[in-house]
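Under numbering that gives the first Met the number 0, the first residue of the sequence shown carries the number 0, and numbering increases by one thereafter.
Glycine included, C-beta positions come from ideal geometry on N, C-alpha and C.
What you are looking at is a predicted structure, and each value in this text was computed from that prediction instead of being measured.
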Amino acid sequence: MTSVGRTMMSTTLSFAVVFVVLVSPLHVVAQEPSPPPAYLFVIESKIASEDAGDWANAVSAMAQSHAKHPDGNSWATYSKLTGGPDETVRTFFPLDKMGNLDEWPNNRRIVTEVMGKDSARVILSDLELAGESSERILSWSEKLSHPDVQFRPAPYAWVVEVQVAEGQMTEYAALAQRLVEILKENRAGTWMVYGSALGGDRSTLYYFYLFDKFADVDGWPSRLDVASESLGAAEAARLLAALEAVSQTTTSLWQLEPELSQRETR
């Protein structure tokens, strides 16, 4: 990690003072398809630059605790590479079903049993350095997604947040599904779409485009070009214009923070 933002990438873990979610493994076995999780528990936080170092060290120690503990959990932490002076972090806990939430172990217990009472007291205190934070549960949209065969947390994520106009979700979904089918037919990349299930704006959709290196982005096809090949230039332009008429988008770039993640499986 070469910057404060990269070291504290998981501000979403501010809640971890109390608990960390039990989730399905993020590692996958070769040759075995691994679909995206049905739900994602997401915590997004901002951390002041002056607190980033202590906070990141605490998250790293917490991750080590969960890796060593028989009841430890798994998660992936991403830091935002575009933004303001404070560090913005998102931590993702995949859930097979909502019932996984009933199995959450106590984070304080895990850290204390691995690190000892004195070290745990410091770690848990520093985790509270995370400032403003929000929590939400996202649900996977199979109809709008075209995921890779193997689900895994990639080194980078390009995230497109789509705010659908009030009362226009049905129209947006119909238009988006038409475009998705065209992109799938032309093998125009892979992506995952999640919508808010609990704690978020239900009119917002999150498109996740995962990639390994920035050179990969150079090969991403234009939606207009792909749609034009199937529909013709005029019809493709009308389809994209119709989507833009009922939605607004914002984009952001995120980087996986391995030291602030816990991806060991048992």
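Query, Result
"Would you grab the beta carbon distance between F207 and W219 for me? Rounded to a whole angstrom, and I think it's under 8 angstroms.", "That pair is no contact at about 14 angstroms."
"Can you give me the start and stop residues for the alpha helix (DSSP H) that K67 sits inside?", "51-67"
"Taking S140 as the reference, give the member of L204, I181, R177 with the closest Cα.", "L204"
"Could you tell me whether the Cβ atoms of L252 and Y155 are closer together than 8 angstroms?", "yes"
"So for N72, helix, strand or coil by DSSP?", "coil"
"Based on Cα-Cα distance, which residue from I109, S73, N106, A233 lies nearest to D95?", "S73"
"Do the segment 160-167 and the segment 96-106 meet, that is, are 3 or more Cβ pairs less than 8 angstroms apart?", "no"
"Does D50 pass the burial test, meaning 16 or more other C-beta atoms within 10 Å, or should it be called exposed?", "buried"
"Between which two residues does the beta strand (DSSP E) containing S353 stretch?", "Shown here, the chain extends from 0 to 265; a query on residue 353 therefore has no answer."
"Which one of K142, S78, E134 has the shortest CA to CA distance from W157?", "S78"
"Figure out for me which residue from N99, S229, D200 has the closest Cα to the Cα of T184.", "Residue identity differs from the one stated: residue 184 is Glu in this sequence, not Thr. Looking at the Cα atoms, S229 is the closest of the given residues."
"Whose C-beta lies closer than 6 angstroms to the C-beta of D70 among residues of the same chain, with five residues either side of it excluded?", "P104"
"For F213, count neighbouring C-beta atoms within 10 Å of its own C-beta (all shown protein chains included) and say buried if the count is 16 or more, exposed if not.", "exposed"
"With distances taken from CA atoms, which of E234, A37, D217, V58 is nearest N99?", "A37"
"On the three-pair Cβ rule with 8 angstroms, is the segment 108-121 touching the segment 56-71?", "yes"
"CB A129 to CB I181, shorter than 8 angstroms?", "no"
"For G194, does the count of other Cβ atoms within 10 angstroms reach 16, so buried, or fall short, so exposed?", "buried"
"Find the nearest neighbour of F210 within the set L178, L137, P152, judged by alpha-carbon distance.", "P152"
"Which complete beta strand (DSSP E) runs does the segment 79-132 hold, if anything under 3 residues is left out?", "86-94"
"Closer than 6 angstroms by C-beta to L255: which residues in its own chain qualify, once you throw out the five before and the five after it? Chain order, please.", "Y77, P152, P154"
"Cβ atoms of A66 and L259: under 8 angstroms apart, would you say?", "no"
"In terms of alpha-carbon separation, which member of R237, I122, S118, H145 lies closest to L174?", "R237"
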